[in-house]
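Chemist: Can you read through this structure? Questions will come right after.
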């Protein structure tokens, strides 16, 4: 019984990740509005470029020459952050209620960080591509992938470091 | 081991979602997938390694000051 209680958060996290992944696989731009809408809003704040929503495509910006489509929603990163936080830190809590709250907080952090990081990734890809296109003769896909991996991996490890630091502060009373 | 757990969880879930799961779903037959996987594994190893070195150096500086 005790073992089941200890393992429950991990099983639940995997179930949530699986359900999100399944939803993402068949989701349209309208279905992903909670991710695409705030992301394009942030891109507009960062660049000033305007987006228009096109049914079946996503958010299109003629100024930046980009379309924020379902594949750009960043839901994989959201799942990664959620799983990393739950699997990495849930065992630091002893009470079941604290573990449950930490899971909810992990989901919120995963959602919020995905919106910010994804907007930074899209703006970064666009800027880096403009800067490197001629000197390195790289295609947009390569630049997009490289900037994406760099931003996602750095943010993921930075988030883990921040949460680790918060736990360390919690352990040492000042 | 306990301190390493979050880092292992982060690296594991990242690689699972970006490389392992797409490969299990049949993306391996796509000719562009190997290139994608090499980009992801190569670049994330370089960045992850640099961050681990930085964290390790900081920890050893704290443990053995001067």
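Protein chains in written order, with this note's numbering: chain E, 2 to 175; chain Z, 1385 to 1450. All C-beta atoms in this analysis are idealised placements derived from N, C-alpha and C, irrespective of residue type, glycine included.
What does residue 89 of chain E reach in chain A if we use C-beta pairs closer than 7 Å?
Modeler: Checking the listed chains, one finds no chain A in this structure; the protein chains it contains are E and Z.
Chemist: Mapping the DSSP letters down to three states, classify residue 105 of chain E as helix, strand or coil.
Modeler: In the structure shown, residue 105 of chain E sits in a helix (DSSP, three-state: H, G or I).
Chemist: For a contact defined as C-beta to C-beta under 7 Å, what are the partners of residue 1459 of chain Z on chain E?
Modeler: One cannot answer for residue 1459 of chain Z here, as it falls past the ends of chain Z, which runs 1385 to 1450.
Chemist: In three-state terms, what does DSSP make of residue 117 of chain E?
Modeler: Reduced to three states, the DSSP call for residue 117 of chain E is helix.
Chemist: Please confirm if the segment 8-15 of chain E is in contact with the segment 88-108 of chain E, defined as three or more CB-CB distances below 8 Å between the two stretches.
Modeler: Verdict: yes, contact present.
Chemist: Quick check on residue 1421 of chain Z: does DSSP put it in helix, strand or coil?
Modeler: Residue 1421 of chain Z falls in the helix class under three-state DSSP.
Chemist: Less than 9 Å between CB atoms is the rule here; does residue 1437 of chain Z satisfy it with respect to chain E?
Modeler: Not closer than 9 Å to any Cβ of chain E, the Cβ of residue 1437 of chain Z fails to qualify, so no.
Chemist: Any idea if residue 105 of chain E is buried or exposed, counting beta-carbon neighbours within 10 angstroms, 16 or more meaning buried?
Modeler: The residue in question, residue 105 of chain E, is exposed, as its Cβ has fewer than 16 Cβ neighbours within 10 Å.
Chemist: Out of curiosity, what's the CA-to-CA distance linking residue 77 of chain E and residue 22 of chain E?
Modeler: Spanning the two alpha carbons is a distance of roughly 7 Å.
Chemist: Along the chain, where does the alpha helix (DSSP H) containing residue 21 of chain E start, and where does it finish?
Modeler: Start and end: 3-26.
Chemist: When the Cα atoms are used, what is the spatial distance from residue 175 of chain E to residue 169 of chain E?
Modeler: No answer about residue 175 of chain E holds up, because its pLDDT of 43 lies below 50 and its placement is not dependable.
Chemist: Enumerate, from N- to C-terminal direction, the unbroken alpha helix (DSSP H) stretches of 4 or more residues contained entirely within the segment 23-100 of chain E.
Modeler: Runs of the alpha helix (DSSP H) inside the segment 23-100 of chain E: 34-48 and 76-90.
Chemist: First and last residue of the alpha helix (DSSP H) that includes residue 1396 of chain Z?
Modeler: Element bounds for residue 1396 of chain Z: 1389-1399.
Chemist: Residue 77 of chain E touches chain Z at which residues, Cβ-Cβ below 8 Å?
Modeler: 1401 and 1402, listed in chain order.
Chemist: Identify the contact partners of residue 155 of chain E in chain Z, using a Cβ-Cβ distance below 7 Å as the criterion.
Modeler: Residues of chain Z passing the Cβ test: 1431.
Chemist: Against chain Z, does residue 175 of chain E count as a neighbour if the rule is that its beta carbon must be under 9 Å from one of theirs?
Modeler: Confidence in residue 175 of chain E is poor, its pLDDT being 43 and thus under 50, which makes the residue's placement too unreliable to answer from.
Chemist: Taking the Cβ atom as the reference point for each residue, do residue 80 of chain E and residue 111 of chain E lie within a distance shorter than 9 Å?
Modeler: Against a cut-off of 9 Å, the Cβ pair of residue 111 of chain E and residue 80 of chain E comes out as a contact.
Chemist: Compute the distance between the beta-carbons of residue 40 of chain E and residue 69 of chain E, then report whether it is under 9 Å.
Modeler: Yes, these two residues count as a Cβ contact at 9 Å.
Chemist: So is residue 1397 of chain Z in contact with chain E if we call contact Cβ pairs under 9 Å?
Modeler: Taking Cβ atoms only, chain E reaches closer than 9 Å to residue 1397 of chain Z, which makes this a yes.
Chemist: Considering just the uninterrupted stretch of the alpha helix (DSSP H) at residue 1415 of chain Z, what are its terminal residues?
Modeler: Residue 1415 of chain Z -> no alpha helix (DSSP H), and no H or E assigned at all.
Chemist: Based on Cα-Cα distance, which residue from Z:1403, Z:1390 and Z:1397 lies nearest to residue 1426 of chain Z?
Modeler: Nearest of Z:1403, Z:1390 and Z:1397 to residue 1426 of chain Z, Cα basis: Z:1403.
Chemist: Give the straight-line distance between the Cα atoms of residue 144 of chain E and residue 5 of chain E, rounded to the nearest whole angstrom.
Modeler: Roughly 45 Å between the two C-alpha positions.
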